[in-house]
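Written below as structure tokens is the structure these notes are about.
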Amino acid sequence: MSTIVTYHVRSNQWRRGNYVAPPEADRTDELNALIAATPDGTEGNRNTVTLPDERWRVDGKIVVTNRNHLNITSSGTFTIWTEFTGVELGIVTQQGASNRSHWTLTSCEDVHLSNMQIDGPYENRRYGPDPRFAAYNEATAFEHGYSVQGASQECSVQNCSFYNIGGDGLYVGGTGEYNQNITLKNCTGAFPGRQSLGIVLVDNLLVEDVNIQWGGRSGLDIEPNHDSHFVHNATFRRCDIGSQFYPFIVGGEPPLRGGETKPGILNKRENILIEDCIGRNAASSHTAILANRTGINLTVRNHTDLRQRSKYGVTLAGWEGPVIIENSIITSGPATPTTYGVWVKNCTGTVDITGNTFNGVTGDGGADELMLVEGGSPVITSSGNEWSMGTQTD
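If you read the sequence shown in the working numbering, its first letter stands for residue 358, the second for the next number, and so on.
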């Protein structure tokens, strides 16, 4: 038995306790059968599936497919069972990796998950190069906690939590047709092995009051990585995200390899607002805002970023659309001072940097200079910023 720390959304606090092995019997088929036994509701009149308040051992996939107008709720705990074979070179290895999402909504309309908790495989997910964070393992990188995909519409994940999983904590993506009008709200988690939030294919996304800590990769990761992917009209508000690398990253997009799935869409990331959010605990990187398409509109507002070391506070690379960074606290150190508050590289759009503070965790080592501009022809305005321990302002 080993001691763990997990976050319980219902009690709104971190809880210490002992890891208890799940029951011997796999109940995946039973669980899926209970969901299938409830018929679809109708528009404006959803049916509700209330799963027993129990500890469920789940060896397989929980996939809700082509369902409409349902609430699926449970105060139970779903213990995802995966046989690990040991720890080698700091990376957890396992037998028979499944690359499964634990709870998945696919091709659904008006289906909502609420009040459930996932306990991932084992505490030893945390073994790795930096033991504070989950260990990334390619074999389990797609074992997301809660996944919305397959052209789902009007769906949500609310008041749910997870602990110690292999993939992204919350994922909105898939390939093919895009998801639309998706809400992720009041969710918590700790130790996802990959991204805290993985967002790659959606139009109209609302993420509010999400708290995820100690991710093995990036935090808020808006990174379309397939020729059919895009993220449009996404709002992230009052989120507290901790991760090993980039606290927030808006990037991705390889060269297009075919036609778009949404006619007329040329831009992969458009109209994104990050407001009243915290990116914290980063061990080795910074906020990166990367793009190479026209017509992109990004606003980062009231952003607090606590990280250990980085040469730049915020990186803007290749943006051709407007970017606003305002009223944010960008905090670096104590390992290495931040040299530049904002790095603007190969941008050609407008960049507005207003009312931000670039400082150090220990009160020293803030940005030596407000910004570094390299390449491109951006139109930059800045005012009311403070840097280098608040001794320099504009």
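C-beta atoms are modelled at their ideal positions from N, C-alpha and C, and glycine is treated no differently.
Between the segment 630-637 and the segment 670-678 there are fewer than three C-beta pairs closer than 8 Å, too few to call the two in contact. Only residues of its own chain outside the window of five on either side were considered, and among them HIS469 and THR540 have a CB closer than 6 Å to the CB of SER513, listed in chain order. Inclusion of VAL588 and LEU647 in the CB contact set at 9 Å is not warranted, their separation being larger than that value. For ASP410, the three-state secondary structure derived from DSSP is coil. For HIS459, the CB contacts under 6 Å within the same chain, skipping 5 residues up- and downstream, are ILE437, ILE475 and GLY502 in chain order.
Inter-residue distance for GLY572 and ARG595 is about 18 Å (C-alpha atoms, whole angstroms).
Taking a C-beta distance under 9 Å as the contact criterion, THR461 and ILE419 qualify as a contact pair. In this model, THR738 and PRO679 are separated by some 11 Å (Cα to Cα). Contact check for GLU683 and THR644: beta-carbon distance about 14 Å, past the 8 Å limit, so the pair fails to qualify. For a cut-off of 8 Å, the C-beta gap from ILE686 to THR661 is around 5 Å, short enough to register as a contact.
Assigned with DSSP and collapsed to three states, ASP725 falls in coil, not helix or strand. Closest in alpha carbon position to ARG424, among ASN472, GLN510, GLY433 and ALA591, is GLN510. In this structure, ASN561 keeps its C-beta atom at 9 Å or more from the C-beta atom of ASN543.
Of GLN537, ASP525 and ASN521, the smallest CA-CA separation from GLU466 is found for GLN537. Distance from VAL559 to TYR535 at the Cβ level is roughly 6 Å; contact confirmed, criterion being Cβ atoms closer than 8 Å. In the DSSP annotation of this structure, the continuous segment of the beta strand (DSSP E) that includes ALA674 starts and ends at 669-674.
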